[in-house]
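Peer 1:
In my numbering, the protein residues as written are 1362 to 1539.
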């Protein structure tokens, strides 16, 4: 019996296209699109792009200057529980265009924040932020905390920087999202 290569090859290509296409449609309809709809309704979010991995759900956000980062995280986590499941939710925040001053402020207080996080002395964080406000004129610094993250917002006029620090630090290295 001779194998016909052309029909076999066409069948294999069509099968692969159906499987990959079906997986892509399923993934978009059941995971990505619901997260996009949830994030579109959150006040302060101007743009969101979710990416779903095996162990994490990463949402790349563009926020306006008055966004409450903790409320954004909570809303995505609570309303997206069915999609997120047991995965870790991570936020990647695209910042305002010119934030050199805010980067300098963040760099100046990074050691104090890291020390407070490492020693679990979370009450030292507001003190570090107050020192930064006094050291740099025009800077407003706000911190919030929940059971999984510490949220820090730095503002300088129209420029802003949102930082989400996990309370359970990674084994090695600094925070990847700072």
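No residue lacks a Cβ here, since even glycine has one placed at the ideal position from N, Cα and C.
#1: Using beta-carbon positions only, say whether residue 1413 and residue 1393 come within less than 8 Å of one another.
#2: Give me the Cα-Cα distance between residue 1373 and residue 1415, rounded to the nearest whole angstrom.
#3: Using a beta-carbon distance below 8 Å, is residue 1430 in contact with chain D?
#4: Leaving out five residues before and five after residue 1444 in sequence, what residues of the same chain have Cβ atoms less than 8 Å from its Cβ?
#5: Is it the case that the stretch 1446-1463 contacts the stretch 1419-1426, given that we only count it when at least three CB pairs across the two stretches are under 8 Å?
#6: For residue 1438 and residue 1410, what's the separation of their Cα atoms in angstroms?
#7: From which residue to which residue does the alpha helix (DSSP H) around residue 1401 run?
#8: Decide if residue 1365 is buried, meaning its Cβ has at least 16 other Cβ atoms within 10 Å, or exposed.
#9: Run through DSSP, which three-state label would residue 1508 get?
#10: Contact check, residue 1522 vs residue 1467 under 8 Å by CB: the rounded distance?
#11: Once DSSP output is grouped into helix, strand and coil, what is the label at residue 1481?
#12: Hey, how far is the Cα of residue 1382 from the Cα of residue 1479?
#13: To the nearest whole angstrom, what separates the beta carbons of residue 1510 and residue 1434, a pair I think is in contact under 8 Å?
#14: State the beta-bridge partners of residue 1515 as determined by DSSP.
Peer 2: From the atom records:
#1: With contacts defined as CB atoms closer than 8 Å, residue 1413 and residue 1393 qualify as a contacting pair.
#2: Approximately 27 Å, taken between the alpha carbons.
#3: Looking at the structure shown, chain D is missing, and only one protein chain is on hand.
#4: 1391, 1392, 1395, 1396, 1413, 1418
#5: yes
#6: Cα to Cα, residue 1438 sits roughly 15 Å from residue 1410.
#7: 1394-1401
#8: Exposed: under 16 other Cβ atoms inside 10 Å.
#9: coil
#10: 6 Å
#11: coil
#12: 46 Å
#13: That pair is a contact at about 7 Å.
#14: Checking the DSSP bridge columns, you'll see residue 1515 partnered with 1502, 1522.
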